[in-house]
Amino acid sequence: MLDWSADFLGLGVESAPLGRGHFGELGTLIRFGAERSPERTTAHDAGLAASGERLAGAVDGSGVPGSADSGSGGSAGGALLYIHGWSDYFFNLELAHFASARGYRFYALDLPEHGRSLASGEMPGFVGSAEHYLESVGAAVDAVRRETGVLPVLMGHSTGGLAAALYAQRSPECLAAVVLSSPWLVAHGGAAAGRMLEAALRPASMRWPRQRLLLPSRGYFWRAVAKEAGGEWELREDMRPRNAFPIRVGWLHGVLEAQRSLRGGPRLELPVLLLASTTSDVGLIWRERMRERDAVLAIAPMRRAAAELCRNLDEALVEGGLHDVLLSSPTVRNEAYGRLGSWLEGVEAQTVAQVRAAGQES
1 MLDWSADFLG LGVESAPLGR GHFGELGTLI RFGAERSPER TTAHDAGLAA SGERLAGAVD
61 GSGVPGSADS GSGGSAGGAL LYIHGWSDYF FNLELAHFAS ARGYRFYALD LPEHGRSLAS
121 GEMPGFVGSA EHYLESVGAA VDAVRRETGV LPVLMGHSTG GLAAALYAQR SPECLAAVVL
181 SSPWLVAHGG AAAGRMLEAA LRPASMRWPR QRLLLPSRGY FWRAVAKEAG GEWELREDMR
241 PRNAFPIRVG WLHGVLEAQR SLRGGPRLEL PVLLLASTTS DVGLIWRERM RERDAVLAIA
301 PMRRAAAELC RNLDEALVEG GLHDVLLSSP TVRNEAYGRL GSWLEGVEAQ TVAQVRAAGQ
361 ES
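Here it is in structure tokens:
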């Protein structure tokens, strides 16, 4: 049993450490409940709730809520588990409200050495192997399944998308479907560049895994989303620093190792949605247009890698989207949530049809 306690995000949010595994700490699981205590409700909480519930009904991206008869909002009875990206943590309560309004029990995982899983003396962001990510995601999925009794939809963003894809490849029987939000499936420069860099880093990763790599600082995604930089979102700098955590040899080698493992494994048969921006700009110089593009990962190789990996792939490419599309401007988010909601409805309908067919056969 997990030891749940009130989370710093406030109303309806609890978190619990997942304990230790073979590779170290497993991270922190967060869960959301729609219950409200009037004495603790704030205008910000109310706004997030209203936004999430509205977005749960915007099934076509038009901003027009779906009716109860259309099947949107509150009928799913499933679970959604979200995994954040590199140098990040879960804070997007709008997503939690969206999922809850659609009838999903919402959970999120703060990966090892990230967010709520950081502790004094730890090395922020350092996860030295793909197997550590797999162990962490597996522990979170198992906890969600024990608590809900259902197979969750696994949603991962960026590095979290890589971890989600790797877990889905290894344990597809434990999931209902997968959402890959701007996933880091392939190295900058493509698979060949990734193989060469992995080979070059392997000796150093074995001898000096915690050695810091001196790379240019790019705080462009933070600049696009943080309220103090003109964005919309309040971020905790101790959990989501402006220029991200230092990149270390062992961590980068572990990511490249995970990407290679993914390419060498079987194709995913589960329903998969690729949610991403239509356009990227990964230049080294800040441009204001980066507020409406993916400034972290290139879209074209991401799409190719997803198509090669997933046999049952749908795409939701949203114009004006940031690297994390669900942190984009309200208009962009409205479309993104509409596309996500429609896709979830399709997965739900497919699941119902399969259950009925199985019942008829028996």
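Here UniProt numbering is used: the first residue of the sequence shown is 1, the next is one more, and so on.
We treat Cβ as the ideally placed atom computed from N, Cα and C, and that holds for glycine.
Listed as beta-bridge partners of Met155 by DSSP are Tyr82, Val179. Per the coordinates, the alpha-carbon of Ile285 lies some 44 Å from the alpha-carbon of Arg145. Counting every other CB atom within 10 Å of its CB across the protein chains shown gives Thr28 a total of 16 or more, marking it as buried. Taken in chain order, the complete alpha helix (DSSP H) segments of 4 residues or longer contained in the segment 167-232 are 191-207, 220-225.
DSSP places Ser261 in the helix class (H, G or I) of the three-state scheme. Under the DSSP assignment, Glu135 falls in the alpha helix (DSSP H) whose first and last residues are 130-148.
Its Cα nearest to that of Val179, the residue Gly156 stands out among Tyr104, Ala187, Leu201, Gly156. Ser136 is the residue among Ala16, Gly194, Ser136 whose C-alpha sits nearest the C-alpha of Leu166. Between the C-alpha atoms of Gly161 and Leu9 there is a straight-line separation of about 23 Å.
Here Met290 is buried, its C-beta having at least 16 other C-beta atoms within 10 Å. Under the three-state reduction of DSSP, Ala357 is assigned to helix. In the three-state DSSP reduction, Phe32 falls in the strand class (E or B).
In the three-state DSSP reduction, Arg287 falls in the coil class, being neither helix nor strand.
Of the other Cβ atoms in all chains shown, fewer than 16 fall within 10 Å of the Cβ of His188; this residue is therefore exposed. Rounded to the nearest whole angstrom, the C-alpha separation of Val352 and Glu228 is 45 Å. CA-to-CA, the gap between Leu80 and Leu109 works out to about 11 Å. Around the beta-carbon of Asp88, 16 or more other beta-carbon atoms lie within 10 Å, marking it buried. A Cβ-Cβ contact shorter than 8 Å links Thr148 with Arg105. From the listed residues Glu348, Pro183, Tyr82, Gly250, the smallest Cα separation to Trp208 is found for Gly250.
Around the beta carbon of Thr331, fewer than 16 other beta carbons sit within 10 angstroms, so the residue counts as exposed.
Annotation for Phe106: the continuous beta strand (DSSP E) segment containing it runs 105-110.
The beta carbon of Asp281 sits closer than 8 Å to the beta carbons of Arg287, Arg289, Met290, Arg293, Asp294, Ala295 from its chain, once the five residues preceding and following it are set aside; these are given in chain order. Bounds of the alpha helix (DSSP H) holding Leu95 are 93-101.
Between the beta-carbon of Leu201 and that of His132 there is about 17 Å, and that puts the pair past the 8 Å contact cut.
The C-beta of Trp222 has 16 or more other C-beta atoms within 10 Å across all chains shown, which makes the residue buried. Under the three-state reduction of DSSP, Gly24 is assigned to strand. By the C-beta density criterion, Asn243 is exposed, having fewer than 16 other C-beta atoms within 10 angstroms.
For Leu162, the three-state secondary structure derived from DSSP is helix. For Ala16, the enclosing beta strand (DSSP E) starts and ends at 13-17.
For Arg248, the secondary structure class from DSSP, reduced to helix, strand or coil, is strand. Closest by C-alpha distance to Tyr107, out of Ala130, Pro301, Asp142, Met123, is Asp142.
If you draw a straight line from the Cα of Ala16 to the Cα of Ser5, it comes to about 6 Å. A distance of 8 Å or more separates the beta carbons of Arg311 and Leu274.
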